[in-house]
């Protein structure tokens, strides 16, 4: 673990040069294709999340602060200042916890990051405000995603273990990078923008299951736009802000892994290696391996809630430290509840947006099923385990036991969702807010051409 890499170009300068100078042609075709998938996925979530109570609260704040502007609040006819549009859109993109997750590259590290929901709204707001091209938007999106993910790969594990939520604390740097790229900042200007962003970074895991956590990506997106705009206007910050003494890595993590980020920006691109998970379910991604496994077991053996006596699910302790609501009281908590996610699959046979409501969470049949589910942890990581390896044992009313193991989930790098899969998800998100079918198809076709 280190705060310095003697003889190397300062890390902050390396990041800034990457953001300022990397052309779209330097991004491999596979990474560009996955970028389009994640763009479409995240845009759809802005629609389905636009009517959530947390989004409405944030939108009212934006309307109080600015009644006119050039940047769209997605899912509405409203326009506002770029930073406020980024705030609202980032909130709506993350509010349902249906947005993608970029994992750690190795099983001994915990704490993924919802990078798209912080990066894309910042890029959209600046691109629309400046009437920039789709190509410029795509370039900025990739720069921001790469910076946010590689910072997360590098920062010491004490950052996440100590309670910081990387979507807020590190996502802001992806948003800053994207906005700075679109504003045409040079290497020095991007450095100042990143320094400004350190003064606005925040987000704690103690807020998981609350409205505040739902807004973490929005705060990151807003902060990134503000940091880039202030730097463009001449506000300056300290040098070597990422790796230097009292900089981000030291102050917020106690150090970092130099080999995880030095000379690793775009080598490989994080969007393809280790990749990013697209979510088939609107819950914390750490629930998804077990949910995928349970779905497969149900299809194979034909049991349902009526024939299940008990379920035992086992994961590593790191997953359990994030999935903290074993007996949820509302939909926000249910997204971080392994027992609820499995219970709703057993009772309803599905787990989509309509199932994650306060009404469903508090239904007697759901609570009864939750009561039959035990969530345990294992302490020993065996060879071959991933950082999300999950086990399920289902005991039916006739005493039969069905067991399974999952090392990944549908939507992960190992079982990716295609553009067509995500287009179907986009259609479902749009249908949740009665968006016109012709507009839905137009967006799907437009993003495919970017």
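Numbering (my numbering), first residue to last: 2 to 451. Ideal Cβ positions, reconstructed from N, Cα and C, are used throughout, including at glycine.
The way I'd put it, the stretch 53–70 doesn't touch the stretch 170–180; fewer than three beta-carbon pairs between them come closer than 8 Å.
Collapsing the DSSP output to three states places residue 404 in a strand. By the CB criterion at 9 Å, residue 104 and residue 275 fall inside the cutoff. Put simply, of 137, 191, 205, 124 the residue whose alpha carbon is nearest the alpha carbon of residue 162 is 205. Excluding five sequence positions before and after residue 87, the CB atoms of its chain that fall closer than 6 Å to its own CB belong to 122, 123, 126, 222, 223, 226, given in chain order.
Using a 10 angstroms sphere on the CB of residue 215, the tally of other CB atoms reaches 16 or more, which defines it as buried. Between residue 32 and residue 270 a beta carbon distance of about 4 Å is seen, short of the 8 Å cut, so the two are scored as contacting. Your pair residue 93 and residue 79 does not check out as a contact, with CB atoms roughly 12 Å apart and the cut at 8 Å. For a cut-off of 8 Å, the C-beta gap from residue 423 to residue 100 is around 12 Å, too long to register as a contact. For residue 331 and residue 367, the gap between their C-alpha atoms comes out near 12 Å. DSSP, read as helix, strand or coil, puts residue 117 in helix. Cβ contact annotation for residue 25 (same chain, cutoff 7 Å, sequence separation greater than five): 136, 139, 140, in chain order. In this structure, the beta-carbon distance from residue 73 to residue 129 falls below 9 Å. Taking 9 Å as the cut-off, the beta carbon of residue 133 is found closer than this to the beta carbon of residue 183.
Residue nearest to residue 203 within the set 209, 170, 389, 230 is 170 (criterion: CA-CA distance). The distance from the Cβ of residue 95 to that of residue 253 is about 21 Å, inconsistent with a contact at the 8 Å cut-off. In the DSSP assignment, residue 136 falls within the unbroken alpha helix (DSSP H) covering 135–155. Assignment of residue 398 by DSSP, reduced to helix, strand and coil, places it in the coil class. As computed with DSSP, residue 205 is found in a beta bridge with 165. By the neighbour-count criterion, in which a residue is buried when 16 or more other Cβ atoms sit within 10 angstroms of its Cβ, residue 200 is exposed.
Under the three-state reduction of DSSP, residue 377 is assigned to strand. By the CB criterion at 9 Å, residue 167 and residue 114 fall inside the cutoff.
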